[in-house]
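Step one of this worksheet: look at the structure below.
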Amino acid sequence: MSAYPPEVLRHFRDPVGAGRLAPDAAGVASAEARDPEGGQRVRLHVRLGADGRLDDVRFQAFGCPVTIAVASAAVERLRGRARAAALALEPAELAGALGLDPEQARLAELPVRALRAALAYLAPPP
Amino acid sequence: MLPFFAEEFGNAASRTHAFGWRADEAVERARAQVAALVGADPREVVFTSGATEANNLALLGSARALRRARGEKVVRVVASRTEHRAVLDPLAALEREGFRAVLLPVDGEGRVDPDALRAALAEPALLVSVMHANNEIGTVQPIGPLASLAHEAGAAFHCDAAQSAGALEVAALGADFVSLSAHKLYGPKGIGALIVRRRAPHARLEPILHGGGHERGLRSGTLPVALCVGFGRAAELTRELRDGDAVRHARLRDRLWARLSAELPELALNGPPPGPERLPGNLNVSFLGAEGEALLAALPELALSTGSACTSAKREPSHVLRALGAGELRALSALRFGIGRGNTDAEIERAADLVVAATRKLRALSPVWDEVRRA
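This is how it looks when you write it as structure tokens:
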């Protein structure tokens with residue numbers, strides 16, 4: 334029996350939005366969050382369109398299948414969201430959707446922290 | 010082995026009837042087979058539930074007996090940093106009893122420097138414990154010189170040989186206590202032995218299990234006759250097959266390493282280069298930029314290990330790899346391959362295909378791989 338919940342395995346086997354965005358393109362920013370205890374990392378690349386929505390989001394991740402799954406699940410939810418709606422994404426939503434146990438749930442903070450740091454590079458609309 | 014689970018149900022300790030005699034004969038035959046594998050006297054074989062119990066018996070039993078013999082004044086026990094948990098955890102238990110564990114550093118390939126042991130023995134010590142072959146990185150440690158140093162300093166010497174029982178002679182090892190495991194020789198799980206050398210002037214041993222005085226008072230408890238028989242047969246088969254096994258496992262291991270290192274850049278071999286100083290079937294590789302747990306999960310067809318079994322978020326890099334001086338990212342990207350009697354050439358080729366593909370896939374989405382390439 335696998336040690337990982339089925340949703341984790343689904344994202345791990347077929348991740349959504351794996352990759353990066355060209356860093357110097359207009360409206361593009363990226364940021365990385367690291368887990369201080371386990372060495373896991375998630376980097377999110379976001380492109381904010383003229384309409385204030387995330388018209389592309391990609392991730393890179395280094396860590397166990399849970400790390401990759403939380404990043405993929407975050408991308409799945411963030412694409413197309415308006416900035417404010419993107420910032421409303423909470424780790425608990427990802428952890429619940431993936432069926433993480435309390436210890437694994439800590440990793441759901443990584444894509445959320447990376448997203449907030451990346452959006453901080455992009456000036457909010459006037 | 011199987012008849013002794015059902016038809017031959019005698020207790021080897023029952024001296025008054027034929028069922029007991031037959032069980033006892035079977036156990037004694039097994040004891041002789043195990044002894045013959047490692048060049049020991051059958052009277053030196055103490056059956057235990059496995060190498061973990063053998064290590065506990067050697068460490069707890071000899072440290073306690075030696076401390077008492079030396080007037081409670083000496084409390085130090087010396088071991089290497091790369092020991093198995095089945096040695097490190099008993100050492101931690103000894104510390105809770107007032108003993109002091111001293112852990113020796115190893116070199117970049119996992120060997121204890123005799124000078125480091127000499128320095129550690131400048132202060133009196135009861136016991137030194139160094140494993141023969143490392144379970145994660147395959148390093149085969151020259152034990153003889155270390156055992157001599159311990160004895161010169163008046164300390165006893167224990168060697169955990171669970172990984173390499175087919176490749177040693179206890180006399181050449183020079184250890185007073187040697188731990189063995191049956192299942193590492195393709196025998197049944199749940200049985201092992203501690204070899205307790207008879208002429209060992211520096212050694213003392215007291216039991217840690219009490220109740221009946223079996224195994225010459227050193228390990229009470231009814232012997233699992235069937236498991237003893239299985240262990241004996243496994244030892245006998247190992248004696249017959251070991252030379253051929255060693256050559257074949259090394260060839261398969263070398264083929265796997267040749268393929269991986271030809272097809273994937275930026276690999277780091279953990280432990281000694283393939284050769285006499287490494288267990289023939291062991292390969293431990295860091296796939297820099299790809300994380301070990303993710304590689305394992307991407308390779309469900311292969312029975313592999315990262316070295317530090319952990320499926321929770323708190324991932325602790327292998328203490329063995331850290332002791333070699335490996336940084337966190339190298340330790341976290343390590344995978345251990347164990348090649349054994351059942352493996353075929355075709356399986357090795359298939360394993361190489363799968364590992365190459367999984368590594369490429371994980372590196373493609375790894376921010377660490379970007380850094381590795383830039384560096």
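Same order as they appear, the protein sequences are chains G and E.
One gets the working numbering by counting positions in the first sequence from 1 and adding 333 to each.
One gets the working numbering by counting positions in the second sequence from 1 and adding 9 to each.
Even for Gly, the Cβ is constructed at its ideal location relative to N, Cα and C.
Asked	Found
Proximity below 9 Å, CB of Pro233 (chain E) to CB of Gly199 (chain E)	yes
Where Thr375 (chain E) meets chain G, residues with beta-carbon distance less than 8 Å	At residue 375 (chain E) the sequence reads Ser, which differs from the Thr that was named. Within chain G, the residues near Ser375 (chain E) are Gln393, Ala394, Phe395.
Beta-carbon neighbours of Ala374 (chain G), restricted to chain E and to distances below 8 Å	Sequence check: residue 374 (chain G) is Arg here, not Ala. What Arg374 (chain G) touches in chain E: Pro376, Val377.
Phe108 (chain E) in three-state terms, based on DSSP	coil
Ala212 (chain E) beta carbon near the ligand ATP (any heavy atom closer than 8 Å)	Within the structure as shown, the ligand ATP is missing, as the structure has no ligands at all.
Contact check, Ala39 (chain E) vs Phe166 (chain E), beta carbons under 9 Å	no
Member of E:Phe346, E:Ala306, E:Leu288 whose CA lies at the smallest distance from the CA of Gln150 (chain E)	E:Leu288
Chain G contacts from the segment 280–301 of chain E (Cβ-Cβ distance under 7 Å)	Glu300
For Met334 (chain G), the three-state DSSP class (helix, strand or coil)	With a pLDDT of only 46 at Met334 (chain G), under the threshold of 50, the placement of this residue in the model should not be trusted; the figure read from the coordinates follows. Coil, per DSSP.
Interface flag, Ala343 (chain E) vs chain G, CB-CB below 9 Å	no
Within chain G, the residues that Glu337 (chain E) reaches when beta carbons sit closer than 7 Å	Gly372
Contact belief for Phe392 (chain G) with Gly350 (chain G) at Cβ below 8 Å, rounded distance in angstroms	6 Å
Alpha helix (DSSP H) runs wholly inside the segment 362–442 of chain G, at least 4 long, in chain order	398–411, 416–420, 424–431
Spatial neighbours of Ala21 (chain E) in its chain, beta-carbon cut-off 7 Å, leaving aside the 5 residues before and after	Gly29, Ala32, Asp33, Val36, Leu232, Val234
Within-9 Å CB hit, Ala303 (chain E) to chain G	yes
Chain E within 9 Å of Glu409 (chain G), Cβ atoms only	no
Partner residues on chain E for Glu423 (chain G), Cβ-Cβ distance less than 9 Å	Under the 9 Å cutoff, chain E gives no residues; its nearest Cβ is about 18 Å from Glu423 (chain G).
Nearest candidate by alpha-carbon position, reference Gly221 (chain E), set E:Gly230, E:Leu214, E:Arg213, E:Glu215	E:Gly230
Segment contact flag, the segment 411–421 of chain G with the segment 356–364 of chain G, C-beta cutoff 8 Å, min 3 pairs	no
Neighbour list for Tyr352 (chain G) in chain E, Cβ cutoff strictly below 8 Å	The sequence given here has Gly at residue 352 (chain G), not Tyr. The contacting residues are Ala373, Leu374.
Cβ separation of Asn143 (chain E) and Thr91 (chain E), assumed to be a contact under 8 Å, to the nearest whole Å	6 Å
Beta carbon proximity, Pro326 (chain E) to chain G, threshold 9 Å	yes
Given Glu370 (chain G) as reference, the closest of E:Leu112, E:Glu337, E:Leu305 once Cα atoms are compared	E:Glu337
Coil, strand or helix - Gly352 (chain G) by DSSP	coil
N- and C-terminal bounds of the alpha helix (DSSP H) containing Ile357 (chain E)	354–373
The segment 164–184 of chain E touching the segment 292–311 of chain E, judged by at least three CB pairs closer than 8 Å	no
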